[in-house]
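Working notes, structure below.
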Amino acid sequence: MITAWLMLALGNSREHAGNDGYDDQPSRHYSWDSTVQNHARVAVGDVIALWDRKELIGVSVIESIDTATTEKTLYSCPQCGKADIKRRLREKPEYRCGKCGNLFPDPREKTTTVTTYRSVHGERWMDGRGLLSGAELRALCDAPKSQLSMRPARWERLNQALLDAGGQARLVKDIAAATRLAAAGGHKESVTRVRIGQDAFRKELLQQHGEACAFTGPAPAVVLEAAHLYSYAETGEHHEYGGLLLRRDIHRLFDLGHVAVDTASETLDVAPILHCYPDYMQLQGRSLAVRLRPEHKVWLDAHWLAHRPGGDGPAPFGA
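Per our numbering, residue 2 is the first one in the sequence shown, and the count goes up by one each step.
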């Protein structure tokens, strides 16, 4: 499953005064440290969505994470010891505690050793200003009412929201790249990896679409396979509306990118390598045998961009 994070980037507009802030440049890198909740869960290949509480700043894919160790000064309320303090720009005393309401001129200071993290994500940066509001972004998080600066979000929801807002082409390209980055190290297990729930996944598709290949039409059930529209080998999860029934040979050709779907017209595109085979060549420009849902189109657009000019190059999806 693709992991997405909603991360707060306030720059000089930050009110919280519990520390000295971070050296962020949203379109290139984002910094945090081991005092931040979820600090160790973020990984290369994750989707990162930066916001300033009011709106989305931009979206990208983490290419690498630089780590180091340093000394950090933490500030807290001298009365209750909590770090929820804010600097008051026009009033005195200068600081106010958000927990106990104490007003004070100087916070308590404590120096501690922390691990620092900096994501590098400039290569696939997509500007998001004007696409999604703060309220819309909160609704996409696992816990919409969370106050954390780094919040896990549902990628499927975020992706669809951005598609609806008009950020389609570049965004889907980023996700195709993210799935490959996440699997860059490959699998090192020596045991056989079993697909849990595959039979149930196939039965559900048969109930939805009947005995028909989504690309070619009616076919006996024995030759129909449940094809994931994303790399199940990388995610290990069955996403709702993340698959279609495909004839066994068509399934293999789809995995290799030799057959793809133009979601704008809902027609098939056959790669030149198959043009010498009449049975497959006749599929060129053919309409699909099933009606696509928006969720199908998200995954099929990612597949298209990975296997057609303008994408990131051929890479089997391993459905």
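Positions of the beta carbon are idealized from the N, C-alpha and C atoms, including for glycine. Every value quoted in this text rests on a predicted model; they were computed, and no experiment measured them.
Grab the span of the alpha helix (DSSP H) containing residue i for me, first residue to last.
i, result
"A303", "P295 to H308"
"A162", "W156 to A166"
"L254", "R249 to L257"
Exposed or buried, residue i, counting other C-beta atoms within 10 Å across all chains shown (16 or more means buried)?
i, result
"A303", "buried"
"G286", "exposed"
"Y281", "buried"
"E110", "exposed"
"R54", "exposed"
"K189", "Its pLDDT being 32, under 50, K189 is placed unreliably in this model, and the coordinates cannot settle the point."
"G186", "Unreliable positioning characterises G186 in this predicted model, as indicated by a pLDDT of 40, which lies under 50. The coordinate reading is nonetheless provided below. By the 10 Å Cβ count, G186 comes out exposed."
"C101", "exposed"
"S14", "Any reading at S14 is ruled out, since the residue's pLDDT is 49, under 50, leaving its predicted position unreliable."
"L7", "buried"
"C142", "buried"
Which stretch, first to last residue, makes up the beta strand (DSSP E) that contains residue i?
i, result
"W6", "A5 to L9"
"L269", "T268 to V271"
"Y281", "Run containing Y281: none in the beta strand (DSSP E); it sits in the alpha helix (DSSP H), P279 to M282."
"H30", "H30 to D34"
"E226", "L225 to H229"
"H263", "The sequence given here has Asp at residue 263, not His. Run containing D263: V260 to D263, per the beta strand (DSSP E) assignment."
Kindly give me the distance between the Cβ atoms of residue i and residue j, rounded to whole angstroms, as I take these residues to be in contact under 8 Å.
i, j, result
"T70", "T116", "6 Å"
"Q161", "V299", "6 Å"
"V37", "V48", "At roughly 18 Å, the Cβ-Cβ gap does not stay under 8 Å, so V37 and V48 are not in contact."
"V262", "V271", "Actually they are not in contact, since the Cβ atoms of V262 and V271 sit about 11 Å apart, beyond 8 Å."
Measuring CA to CA, which of the options is closest to residue i?
i, options, result
"S32", "R91, F105 and A10", "A10"
"S288", "G258, G244 and G218", "G218"
"E64", "A144, H122, K100 and R91", "H122"
"L75", "D34, D67 and L51", "D34"
"F255", "A222, A215 and V291", "A215"
"E92", "L104, H40, A227 and S77", "L104"
"L51", "G129, K73, K204 and E72", "G129"
"L163", "R139, L132 and S147", "L132"
"L269", "C277, P279, Q283 and Y278", "Q283"
"L306", "T264, P106, M151 and G167", "T264"
"G243", "I274, E296, Q80 and E137", "E296"
"C78", "E72, L90, E95 and T68", "E95"
Would you verify that the beta carbon of residue i is, or is not, closer than 9 Å to some beta carbon of chain C?
i, result
"I58", "This model lacks chain C altogether; it includes just one protein chain."
Report task. With a floor of 3 residues, list each beta strand (DSSP E) that falls wholly inside the region 50 to 114, ordered by position along the chain. Result -> For secondary structure counted as the beta strand (DSSP E) over 3 or more consecutive residues, the region 50 to 114 holds these complete runs in sequence order: 57 to 62, 65 to 77, 86 to 88 and 96 to 98.
(message) My parser needs the beta strand (DSSP E) runs of 3 or more residues fully inside the region 107 to 152; what are they?
(response) List check, beta strand (DSSP E) in window: 109 to 121.
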